[in-house]
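Those sequence lines, one after another, are chains X and Y. First residue of the first sequence? That's 2 in my numbering, and the numbers climb one at a time after it. First residue of the second sequence? That's 2 in my numbering, and the numbers climb one at a time after it. All C-beta atoms, glycine included, are put in the ideal place defined by N, C-alpha and C.
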Amino acid sequence: NKDFVGHQVLRISAVDETQVQKVKELEDLEHLQLDFWRGPARPGSPIDVRVPFASVQAVKVFLESVGIKYEIMIKDVQLLLDEEKEQMLTSKARSQ
Amino acid sequence: ARSTDTFNYATYHTLEEIYGFIDLLVAENPKFISKIQIGNTYEGRPIYVLKFSTGGNNRPAIWIDTGIHSREWVTQASAVWFAKKITEDYGQDPAFSAILDNMDIFLEIVTNPDGFAFTHSKNRMWRKTRSRIAGSSCVGVDPNRNWDAGFGKGGSSSNPCSETYHGKFANSESEVKSIVDFVQNHGNIKAFISIHSYSQLLLYPYGYKNEAAPDEKELDQLAKSAVSALASLYGTKFEYGSIIKTIYQASGSTVDWTYSQGIKYSYTFELRDTGRYGFLLPASQIIPTAKETWLALLTIMEHTLNHPY
């Protein structure tokens, strides 16, 4: 199974069309390997993006440099995946 | 599980467990439910649709599908709960029984089996199909950009490595073509509801163009009723509107195609997450999500029954 240790999901708040466009520019940078869970749509609509560990720093620096607000929605994706897997195994064991 | 009464609806299941549930449900309701194989996936897995019917021949029908984007696990899990709910409520709930006394329901629980199996085995975040693309090292097509409605226009990507890659041509994906063929052969589907997650939206055509759908007024009114029925249970707030106005341009999408086929009540749901889990919604929220969504589905189904066209 693909490993998501250190991957973070950022919730970005773009306040105007310029900021939405800036985030869209990020989408085109393939080397960042960004995975938009909620794509850049309209100002005020949350943008959720999974950022691989190797890109986290660069993305945060970029957002801060252009004054785009964000918060960390998921601090470590792998932790949630482990919890999900654990829950499935537990419920399977219980039903057996 | 030995029966669908002991099946655990409050946890996520693998493809094999869901297909096992389907067989159990059919075996327990042989006169009411049948399993139809509408095709095979790219990797050769069977694609199943459950048909709920109380008789008649080629009755007007309602189509519900989930999991076209494989990582949206709460949708397939909710559909498993819907399937059981249908068997429990028919004959008990008068309003719902009236629907099934006059219409059939088709429910496709795992619309992207290859992708779903891949989320369990290799990559939980996988969204697309698993088809191989000649000339590219990237895999998969976005099955919600592969339909023949505004195909290839703005709001989809021609890059095979993109999550919204539309594919080489419309209906290139067997997971899509199987539904296209089924819908066109059936010819009497009156409502088509494709369920995604997440972001709490109820959307109707169009996605690929700004023009208002001819039935926009009615679709908007019905969406408003459906989202208030949904919110009545736990207060979960949904926005509603056309795809392009509510989120962004999306071309080649399912409901733009079904609407172009004359299926007036064509809707896309985006279910929970109300918080900060996104696609990793905890299993504890499966049943609440399914229950609130069911109220919205009932609203759309009743309207469809009461407004024949």
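Per-residue contacts from residue i into chain Y (C-beta, under 7 Å)
i               : result
Asp42 (chain X) : Note that residue 42 (chain X) is Ala in the sequence shown, not Asp. Ile248, Tyr249, listed in chain order.
Cβ-Cβ separation, residue j to residue i (assumed contact under 8 Å), whole Å
i                : j                : result
Arg39 (chain X)  : Asp49 (chain X)  : 4 Å
Asn189 (chain Y) : Ala62 (chain Y)  : 6 Å
Ile312 (chain Y) : Ser198 (chain Y) : Nothing can be reported for residue 312 (chain Y), as the shown portion of chain Y is limited to 2 through 310.
Ile69 (chain X)  : Ile13 (chain X)  : 6 Å
Glu174 (chain Y) : Ser132 (chain Y) : 6 Å
Val10 (chain X)  : Arg51 (chain X)  : 5 Å
Leu203 (chain Y) : Ala224 (chain Y) : 5 Å
Ser79 (chain Y)  : Thr290 (chain Y) : 6 Å
Phe193 (chain Y) : Ser267 (chain Y) : 5 Å
Tyr43 (chain Y)  : Tyr20 (chain Y)  : Contact flag wrong, Cβ pair sits at about 17 Å.
Leu33 (chain X)  : Ala59 (chain X)  : 7 Å
Trp148 (chain Y) : Trp64 (chain Y)  : The Cβ separation is near 14 Å, so there is no contact.
Val256 (chain Y) : Pro206 (chain Y) : 6 Å
Glu303 (chain Y) : Ala96 (chain Y)  : 6 Å
Thr269 (chain Y) : Gln201 (chain Y) : Rounded, the Cβ-Cβ distance is 12 Å, inconsistent with contact.
Leu25 (chain X)  : Pro41 (chain X)  : At residue 25 (chain X) the sequence reads Lys, which differs from the Leu that was named. With 8 Å as the limit, Lys25 (chain X) and Pro41 (chain X) qualify as a contact, their Cβ atoms being about 5 Å apart.
Asn30 (chain Y)  : Ser96 (chain X)  : About 22 Å separates the two Cβ atoms, so there is no contact after all.
Leu26 (chain Y)  : Thr88 (chain Y)  : 7 Å
Ser179 (chain Y) : Ile39 (chain Y)  : 4 Å
Chain-ordered neighbours of residue i on chain Y, where CB pairs are closer than 9 Å
i               : result
Ile75 (chain X) : Arg277, Tyr278, Gly279, Leu281
Asp36 (chain X) : Met126, Arg128, Glu164
Proximal chain Y residues relative to residue i, where beta-carbon distance stays under 8 Å
i               : result
Asp49 (chain X) : Gly279
Beta-carbon neighbours of residue i, restricted to chain X and to distances below 8 Å
i               : result
Thr12 (chain Y) : Gln88, Met89, Ser92, Lys93
Ala2 (chain Y)  : Ser96
Under 7 Å from the C-beta of residue i: neighbouring residues of chain X
i                : result
Ser200 (chain Y) : Arg39
Asn9 (chain Y)   : Ser92, Ser96
Identified DSSP bridge partners for residue i
i                : result
Trp64 (chain Y)  : Y:Phe107, Y:Phe193
Glu89 (chain Y)  : Its beta-bridge partners do not exist; DSSP assigns none.
Pro47 (chain Y)  : Y:Asn41
Leu202 (chain Y) : Y:Glu240, Y:Glu271
Lys86 (chain X)  : None; Lys86 (chain X) has no bridge partner.
Tyr166 (chain Y) : Y:Ser158
Ile48 (chain X)  : X:Ile13
Ser35 (chain Y)  : Y:Lys52
Glu73 (chain Y)  : Glu73 (chain Y) pairs with nothing; no bridge assigned.
Arg39 (chain X)  : X:Asp49
Val140 (chain Y) : Y:Arg133
Lys70 (chain X)  : X:Ser14
Tyr266 (chain Y) : Y:Ala192
Ile75 (chain X)  : X:Val10
Cβ-heavy atom distance, residue i to the ligand SAM, below 6 Å
i                : result
Thr112 (chain Y) : The ligand SAM is not among the ligands present in this structure, which contains no ligands whatsoever.
To be precise: take each residue of the segment 3-33 of chain X, compare its Cβ to all Cβ atoms of chain Y, and keep it if any distance is under 8 Å. Which residues remain? Listed by position along the chain: Lys3, Phe5, Val10, Arg12, Glu31.
Between the segment 230-246 of chain Y and the segment 208-221 of chain Y, do at least 3 Cβ pairs fall closer than 8 Å? Three or more pairs of CB atoms, one per stretch, sit closer than 8 Å, so the segment 230-246 of chain Y contacts the segment 208-221 of chain Y.
For the structure I just gave you, are there three or more beta carbon pairs, one from the segment 76-89 of chain X and one from the segment 5-20 of chain X, closer than 8 Å? Touching, per the Cβ criterion.
Does the structure place the segment 136-156 of chain Y close enough to the segment 86-106 of chain Y that three or more beta carbon pairs sit under 8 Å? Between the segment 86-106 of chain Y and the segment 136-156 of chain Y there are fewer than three inter-stretch CB-CB distances shorter than 8 Å, so the stretches are not counted as touching.
Given a limit of 9 Å on CB to CB distance, which residues of the segment 102-134 of chain Y reach chain X? For chain X, the residues of the segment 102-134 of chain Y that bring a beta carbon within less than 9 Å of one of its beta carbons are His121, Ser122, Lys123, Asn124, Arg125, Met126, Trp127, Arg128, in chain order.
Does the segment 116-126 of chain Y come close enough to the segment 225-233 of chain Y to have 3 or more Cβ pairs within less than 8 Å? Of all C-beta pairs linking the segment 116-126 of chain Y to the segment 225-233 of chain Y, fewer than three are shorter than 8 Å, placing the two stretches out of contact.
Say whether the segment 254-272 of chain Y touches the segment 42-60 of chain Y, bearing in mind that this needs 3 or more beta-carbon pairs closer than 8 Å, one atom from each stretch. Segments in contact, no.
In the segment 56-68 of chain X, which residues sit with their C-beta less than 9 Å from some C-beta in chain Y, listed in chain order? Residues: none.
Would you call the segment 61-75 of chain Y and the segment 23-37 of chain Y in contact, with 3 or more CB pairs under 8 Å? The answer is no - the segment 23-37 of chain Y does not touch the segment 61-75 of chain Y, with fewer than three Cβ pairs under 8 Å.
Interfacial residues, the segment 281-295 of chain Y to chain X, with Cβ spacing under 8 Å: Within the segment 281-295 of chain Y, the residues whose Cβ lies closer than 8 Å to some Cβ of chain X are Leu281, Pro283, Ala284, listed in chain order.
Any 3 or more C-beta pairs closer than 8 Å across the segment 79-95 of chain Y and the segment 287-295 of chain Y: Segments in contact, yes.
Check whether the segment 245-255 of chain Y and the segment 151-159 of chain Y touch, using three or more Cβ-Cβ pairs below 8 Å as the test. Short answer: they touch.
Three CB pairs or more closer than 8 Å across the segment 103-118 of chain Y and the segment 14-23 of chain Y: The segment 103-118 of chain Y makes contact with the segment 14-23 of chain Y: 3 or more CB pairs, one atom from each, lie closer than 8 Å.
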